[in-house]
Amino acid sequence: MRKPNDVIIRGVTKVVVVIIFTFAINLFISGHHYPGGGFIGGLAFSSGIILLFLTFDMESVRKNIPVDFKVLAAIGVLIAVLTGVGGMLLDAPFLSQSFGYFELPIFGKTELATAVLFDVGVALAVIGTSLMIIMSIGDDR
Amino acid sequence: MIKGMLICSLFFLTFSIFAIIYRLVKGPSAPDRIQALDALGINIISGVAIFSVLLGNTGFFEFILLIGILSFIGTIAFARYIERGVVIERKHSE
Numbered sequence: 001m002r003k004p005n006d007v008i009i010r011g012v013t014k015v016v017v018v019i020i021f022t023f024a025i026n027l028f029i030s031g032h033h034y035p036g037g038g039f040i041g042g043l044a045f046s047s048g049i050i051l052l053f054l055t056f057d058m059e060s061v062r063k064n065i066p067v068d069f070k071v072l073a074a075i076g077v078l079i080a081v082l083t084g085v086g087g088m089l090l091d092a093p094f095l096s097q098s099f100g101y102f103e104l105p106i107f108g109k110t111e112l113a114t115a116v117l118f119d120v121g122v123a124l125a126v127i128g129t130s131l132m133i134i135m136s137i138g139d140d141r
Numbered sequence: 001m002i003k004g005m006l007i008c009s010l011f012f013l014t015f016s017i018f019a020i021i022y023r024l025v026k027g028p029s030a031p032d033r034i035q036a037l038d039a040l041g042i043n044i045i046s047g048v049a050i051f052s053v054l055l056g057n058t059g060f061f062e063f064i065l066l067i068g069i070l071s072f073i074g075t076i077a078f079a080r081y082i083e084r085g086v087v088i089e090r091k092h093s094e
């Protein structure tokens, strides 16, 4: 039997995955003022990991990304709930948010909002759920 | 002037998409249909680009990149399925 040789797809994937992850982080960061946000950022990130799954096999990707995606989804939901509870601790209603302007060393005057933490939770939940679905379907044991 | 040119190019893109859909429906083998789907994604990208120029709106540029990525991943997945019979391998067999 002829041994399959996929050097081209591996070489392309090693370059493209970096671009996809960068684009996913850009979508996640720009969600406050431009189109994007936690949901689509998480989906783009998980599509990059799915490209890794397609090119390499499942065991080596699991070995190189040692993250349990069920735990990742649970941590995401926990972060999203805790940002709401954190508003309650300061005598504000549940899920109320605040923002402020800070002087950061490199970026200068930057607006930091607590909605970003909620978005982090949404992104982690989306990544964990979609990759858990893909891995449990693709595992044909 | 430029609006007429953009609408004309949208018309030709629609014509091209109909030709691709003909290949998608008629195509005798599976690789024909997969290539038609890939070309359909590229035509949708150019259609969205022309549409965003027509609207004068930069909000669709992320969508263009995202459709490119998703079309690439979908084509890779279909090609893996045709070549190996399985989309995600459990352990590399060599």
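As they're listed, the protein sequences go chains A and B. Per full-length UniProt numbering, the very first residue in the first sequence carries number 1; after that it's consecutive. Per full-length UniProt numbering, the very first residue in the second sequence carries number 1; after that it's consecutive. Think of the CB as a built atom: it goes at the ideal place given N, C-alpha and C, for glycine as much as any other residue. As the structure is a prediction and not an experimental result, all values here were calculated from the model.
- Against A:L117, chain B offers no close residue; the least beta-carbon distance is about 22 Å (beta-carbon pairs closer than 8 Å).
- Counting only runs of at least 3 residues, the region 30-113 of chain A fully encloses the following beta strand (DSSP E) elements, listed from N- to C-terminal order: 99-104, 108-113.
- The beta carbon of B:A36 is closer than 7 Å to those of I20, R23, L24, G27 in its chain, skipping five residues each way along the sequence.
- Under the criterion of beta carbons closer than 8 Å, B:E89 and A:D57 qualify as touching, at roughly 4 Å.
- Taking CB atoms only, A:E59 has a neighbour in chain B less than 7 Å away.
- Residues of chain B whose Cβ lies closer than 8 Å to the Cβ of A:A44 are, in chain order, L66, I69.
- C-alpha of B:L13 to C-alpha of A:G37: approximately 31 Å in a straight line.
- Per the Cβ contact rule, the region 112-128 of chain A is in contact with the region 38-45 of chain A (3 or more Cβ pairs under 8 Å).
- By the neighbour-count criterion, in which 16 or more other beta carbons inside 10 Å mark a residue as buried, A:T13 falls on the buried side.
- Between the region 41-50 of chain B and the region 20-32 of chain A there are fewer than three inter-stretch CB-CB distances shorter than 8 Å, so the stretches are not counted as touching.
- Against chain B, the beta carbon of A:G138 has neighbours under 7 Å at V87, I88, listed in chain order.
- At a cut-off of 7 Å between C-beta atoms, A:L52 does not count as an interface residue with respect to chain B.
- If you draw a straight line from the Cα of A:K70 to the Cα of A:S136, it comes to about 11 Å.
- Your pair B:V48 and B:F72 does not check out as a contact, with CB atoms roughly 16 Å apart and the cut at 8 Å.
- Flagged as an interface residue toward chain B: A:F23, by a C-beta distance shorter than 7 Å.
- Interface with chain A (7 Å Cβ-Cβ cutoff): B:R80 is included.
- Put simply, the CB of B:K26 is far from chain A, with every gap to its CB atoms at 7 Å or more.
- A:S96 places its beta carbon 7 Å or farther from that of A:T114.
- A distance below 7 Å between beta-carbons, with the five flanking residues on each side excluded, links A:I50 to the following residues of its chain, in chain order: I134.
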